[in-house]
Each structure stands twice: as C-alpha cells, then as structure tokens.
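> Residue numbers (my numbering): 795 to 891. The C-beta atom is built at its ideal place from N, Cα and C for all residues, glycine as well. All of these numbers come straight from a predicted model, not from anything done at the bench. Sharing a structure, written as structure tokens. Questions coming.
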C-alpha cells in the first residue's frame with residue numbers, strides 16, 4: 795500500500811523525479827610542467843569533495859552536452875560521449891578520464 799505523503803488528491807504522485815546524472819566541469823588536459831597528455835582530461839565533478847567519493851564514479855561515462863542554433867533531429871542540443879572516469883587525480887579532488 796503506497797504511503798499517503800506521496801499521494802495527492804486524485805491518486806497522482808507528488809514525488810519529484812530523481813536526477814540520474816552529476817554535473818561537472820572539464821578542467822583541461824592532464825599535464826605536467828613540460829608535457830601535455832591530450833587524450834586524458836581532468837574533470838571536476840559537482841559534489842565530490844574527497845578522493846573516496848570518486849570511487850562511485852569510476853567506470854561511469856562522460857557526456858559533453860552543448861546547445862546550438864540549428865535544429866538537428868528535432869533538437870538544438872548535441873551530445874559527445876567519451877570514455878569513463880579512470881582514476882582520482884591529485885589532491886584537488888579531480889577525476890581523470
């Protein structure tokens with residue numbers, strides 16, 4: 795039997811849907827003082843504050859979503875997917891793809 799707090803009049807649910815993604819920022823390529831590794835990117839994931847938090851995201855894929863002015867397949871949004879989160883990187887709680 796469903797709980798009353800999730801039911802409104804007429805039997806409709808009032809619970810909000812769950813967000814199945816986390817926002818993040820692409821910080822740039824992995825680099826040292828002299829070398830730049832263009833095939834590996836550093837990602838700052840929202841809500842990740844320590845190295846142990848990155849364990850949940852290991853292996854998960856990354857989607858770069860951007861908006862354009864022209865319609866393609868009925869949408870102005872485009873998506874580029876890449877590999878997954880490989881490892882926690884550094885002491886600033888970034889992830890490496």
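1) State buried or exposed for residue 835, treating a residue as buried only when at least 16 other CB atoms are found within 10 Å of its CB.
2) Under the rule that 16 or more other beta-carbon atoms within 10 Å means buried, what is residue 818, buried or exposed?
3) Should residue 851 be labelled buried (16 or more other beta-carbon atoms within 10 Å of its own) or exposed?
4) Classify residue 845 as helix, strand or coil using the three-state DSSP reduction.
5) For a quick check, are the C-beta atoms of residue 891 and residue 856 less than 8 Å apart?
6) Who does residue 875 pair with in a DSSP beta bridge?
7) Below 6 Å CB to CB, which residues in the same chain sit around residue 870 once its five sequence neighbours on both sides are set aside?
8) Quick check on the DSSP output: the beta strand (DSSP E) that includes residue 823 runs from which residue to which?
Here's the rundown:
1) Taking the first residue of the chain shown as 1, we reach residue 835 at position 41. Residue 835 should be labelled buried.
2) On the chain shown, position 24 is the one that residue 818 refers to. Counting C-beta atoms within 10 angstroms of its own C-beta, residue 818 has 16 or more neighbours from the protein chains shown and is therefore classed as buried.
3) Along the chain shown, read from residue 1 onward, the residue named residue 851 stands at position 57. Burial call: buried.
4) Counting from one through the chain shown, the residue named residue 845 turns up at place 51. Reduced to three states, the DSSP call for residue 845 is helix.
5) Working through the chain shown from its first residue, we reach residue 891 at position 97. Working through the chain shown from its first residue, we reach residue 856 at position 62. In contact: residue 891 and residue 856 (Cβ atoms closer than 8 Å).
6) Here residue 875 refers to the residue found at position 81 of the chain shown. In DSSP, residue 875 forms a bridge with 857.
7) In the chain shown, residue 870 corresponds to position 76, counting from 1. Around residue 870: 861, 862.
8) Indexing the chain shown from 1 puts residue 823 at position 29. Per DSSP, residue 823 belongs to the beta strand (DSSP E) from 818-825.
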